[in-house]
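For the sequence shown, our numbering assigns the number 175 to the last residue and increments by one with no breaks. Worksheet: the structure to be examined is printed underneath.
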Amino acid sequence: MAKQQHNSKTLTVLGPETHFSGVLQFKDSLIITGTFEGSIESSGDLEIEKNATCSVDTIYAQSIVVLGQVTGNLYAPEKIEMKQGCKVIGNVNTGKIRIEDKVEFQGRVTMIDKQSDANLFALSPAQYKESLTLIQNT
């Protein structure tokens with residue numbers, strides 16, 4: 038697993054020889070080039086490279102770019118990109134989506150509204166947290 042600084046964010050790479058199973062949490066950016074099984078929870082960006090394989094319950098990330106194979110549901114409030122030659126089997130929830138030619142996709146797309154109806158200044162911290170949970174579970 039390699040780490041690099043990129044524009045004041047940490048970029049982590051799970052190399053092609055890496056096989057990871059479990060719950061993966063990160064804040065900045067991650068590139069998967071190996072094999073992953075489990076679930077991913079992140080406030081950062083995720084890229085799944087061409088030869089990578091991910092079998093997940095759910096991936097939560099700010100943005101997701103898929104060049105490899107993913108089986109499982111994807112949630113990204115910013116965007117999801119499916120690049121030419123990738124394979125995605127699962128449902129997608131996102132603010133923006135881009136699907137290139139020659140993508141194998143089986144699932145349902147749900148577009149989410151990134152704007153919360155909640156007035157941030159009128160809510161208690163518990164109410165604000167609940168509004169974020171409701172948005173995430175949409």
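All C-beta atoms, glycine included, are put in the ideal place defined by N, C-alpha and C. Please read these numbers as outputs of a predicted model, since none were measured by experiment.
| query | Can you name, in chain order, every residue of its own chain whose Cβ lies under 6 angstroms from the Cβ of residue 133, other than the five neighbours on each side? | reply | 116
| What are the boundary residues of the beta strand (DSSP E) that includes residue 62? | 56-63
| query | Mind checking residue 119: buried by the 16 CB within 10 Å criterion, or exposed? | reply | buried
| query | Whose CA, out of 84, 63, 61, lies closest to the CA of residue 106? | reply | 84
| query | Can you list, in chain order, the residues of its chain whose CB lies under 7 angstroms from that of residue 121, leaving out five sequence neighbours each side? | reply | 137, 138, 139, 140
| said: Rounded to the nearest angstrom, what separates residue 48 and residue 63 at their Cα positions? | reply: 10 angstroms
| task | Would you kindly report the start and end of the unbroken beta strand (DSSP E) that includes residue 109? | result | 106-113
| Since residue 110 and residue 95 are thought to touch, with beta carbons under 8 angstroms apart, how far apart are those beta carbons, to the nearest angstrom? | 5 angstroms
| Buried/exposed call for residue 71, threshold 16 Cβ in 10 Å | buried
| message | Classify residue 150: buried if its beta carbon has 16 or more other beta carbons within 10 angstroms, exposed otherwise. | response | exposed
| task | Could you round the C-beta distance between residue 99 and residue 81 to whole angstroms and report it? I think they count as a contact, below 8 angstroms. | result | 6 angstroms
| said: Less than 8 angstroms between the C-beta atoms of residue 50 and residue 76, yes or no? | reply: no
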